[in-house]
Amino acid sequence: MSLNNWAALPLELQALILGRLEVTDYLRFGAVCRSWCSTVAERPCLPKPQIPWLMLSDSMRDPDTRRFFSRPHQKMYKIHLPAIHGRLCIGSSEGWLITVDEQSELHALNLFTGASLALPSVATFFDVAGVVRDSDGRITDYVIGYDNLGE
1 MSLNNWAALP LELQALILGR LEVTDYLRFG AVCRSWCSTV AERPCLPKPQ
51 IPWLMLSDSM RDPDTRRFFS RPHQKMYKIH LPAIHGRLCI GSSEGWLITV
101 DEQSELHALN LFTGASLALP SVATFFDVAG VVRDSDGRIT DYVIGYDNLG
151 E
């Protein structure tokens, strides 16, 4: 391998490097070349643990963009996420965002791989006794019943 041919870096070594990067560098890793982009897609792994980022909406300017604030770096990052257009983020864990739309459909989106999963409807989790809607008819809350007598 030539010193200038970073694309030919062995996959195992690329994966080791990828696993030691902070989130910002992890997200840029795939932009180096096609080979490195393939590594991110074929061998996704979590970047090294760090303090969670705060996600802020940018919906007034661009509904497909979210802003993320990194407290350790005291820096704001903008990330284009068309997959969560019209959705609210209701939770996150290890790079996955859990979102809900106006029809209460749940989805999980992996920020690192772009993978998206449709999750079971909220109605299948609990005995949904009713919903609370705002003046525009959007669901804002649920009335949930839970019967643990059967356990």
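Using the UniProt record's numbering, the letters of the sequence shown correspond one by one to residues 1 to 151.
Ideal placement from N, C-alpha and C gives every residue a C-beta, glycine not left out.
N- and C-terminal bounds of the beta strand (DSSP E) containing W96 | 96 to 100
Any chance you could list the beta strand (DSSP E) runs of at least 3 consecutive residues sitting entirely within the segment 11 to 66, in chain order?
-> 54 to 57
For R20, count neighbouring C-beta atoms within 10 Å of its own C-beta (all shown protein chains included) and say buried if the count is 16 or more, exposed if not.
-> exposed
Does DSSP put A108 in a helix, in a strand, or in coil?
-> strand
Could you give the distance in angstroms between the alpha-carbon of I79 and the alpha-carbon of V132?
-> 32 Å
Who does H80 pair with in a DSSP beta bridge?
-> T65
What residues in its chain sit with their C-beta under 6 Å from that of R67, if we drop five residues either side in the sequence?
-> L56, D58, M76, K78
Are T39 and L11 touching if we call contact CB-CB under 8 Å?
-> yes
Host beta strand (DSSP E) of A118 (start-end) = 116 to 118
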